[in-house]
Amino acid sequence: MSYVSSGNADAPLVLCLYGFPDIPRTWEPLSRDLCNAGYRAVSPWLPGYAPSSLEGPFDVPTLAQKILALADELSPSEPIRIVGHDWGAVIASFASALSPARVRAAAMLAVPHLLAFEANLEKHPRQLGRSAYMALFQIPMVSDLVVRWRSFRFIRRLWRTWSPGFDPGSSYFEELELCLRSSMPAPLQYYRALASPKVIRTLRRTLEAGPTVVPTLYLHGERDGCIGPEMTEGQEKHFSALFETLTLAEAGHFLHLERPTEVNEAILRWFETH
1 MSYVSSGNAD APLVLCLYGF PDIPRTWEPL SRDLCNAGYR AVSPWLPGYA PSSLEGPFDV
61 PTLAQKILAL ADELSPSEPI RIVGHDWGAV IASFASALSP ARVRAAAMLA VPHLLAFEAN
121 LEKHPRQLGR SAYMALFQIP MVSDLVVRWR SFRFIRRLWR TWSPGFDPGS SYFEELELCL
181 RSSMPAPLQY YRALASPKVI RTLRRTLEAG PTVVPTLYLH GERDGCIGPE MTEGQEKHFS
241 ALFETLTLAE AGHFLHLERP TEVNEAILRW FETH
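Counting from 1, position 256 in the sequence shown corresponds to residue 256 in my numbering; the numbering is continuous, with no gaps.
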């Protein structure tokens, strides 16, 4: 797995996992602050994103195992800290459930515990509209064409909808487009794998086996246009260790880029005490 690394190789490791549609560059502000605080920050290109391997499968259990293998490679003798945003949060959360001894502390952004998300769908059906893109992604070829159309205009629209009023800049989108152009359709296959009955059974079996014991900080933007903050309700019952939630006003889905100072300070405080 290819990755960007910052900080001393022997410093405590923090793995930073991005989501869709994104790239490791998303963690540059956090990586700088982590390095200044004495950590080594490693941001991999997730499986299915060039230059990492484009070979599947891309189900959550397999992705989590690959991240744990990377942790074993980079920090064989010490547990790691992990940060995940969007799909990165899903993968990091499942990795914490699979192998809590390997994860000292976690920070999850923008996607709550999957069991909480599922339970809240009935109470908040508006989320079905926000998640309609996931249904589109279940249709091979059609969704691939839609996403690629006119230089990935669909991707820019997702960013505008999910983080209203925020623009990461043209160079950011150019780098993201280059990555997606070399990676498609693998990033969409994450969503297709998530709909597999076999994968759903595996996820449920692991997550329902017991609450997560890894100390976890959860952050969400109040204006998130991808997943409403109400979808986080009740997720604390799925964590038996220390668990804390921070909701940022006037922040959207990409809250770590919109409000880097507040997000980074919260994550550093969490890691310094756990």
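Ideal Cβ positions, reconstructed from N, Cα and C, are used throughout, including at glycine.
Source: prediction; values computed, not measured.
Runs of the beta strand (DSSP E) lying entirely within the segment 36 to 63 and spanning at least 3 residues, in chain order: 40 to 44.
With a threshold of 16 other beta carbon atoms within 10 Å, residue 86 meets it and is buried. A direct Cα-Cα distance of roughly 8 Å separates residue 48 from residue 184. Within its own chain, the residues whose Cβ lies closer than 7 Å to the Cβ of residue 8, once the five positions on either side in sequence are excluded, are 40, listed in chain order.
When the beta-carbon positions are compared, residue 43 and residue 24 come within less than 7 Å of each other.
Beta-bridge partners of residue 80 (DSSP): 103.
Residues 61, 64, 65, 68, 206 of the same chain have their beta carbon placed closer than 8 Å to that of residue 98, with the five preceding and five following residues left out of the count. Shown here for residue 173: same chain residues with a beta carbon closer than 7 Å to its own, the five before and five after excluded, namely 156 in chain order. Distance from residue 102 to residue 135 at the Cβ level is roughly 34 Å; contact not present, criterion being Cβ atoms closer than 8 Å. Annotated three-state conformation of residue 231 is helix, per DSSP. DSSP, read as helix, strand or coil, puts residue 271 in helix.
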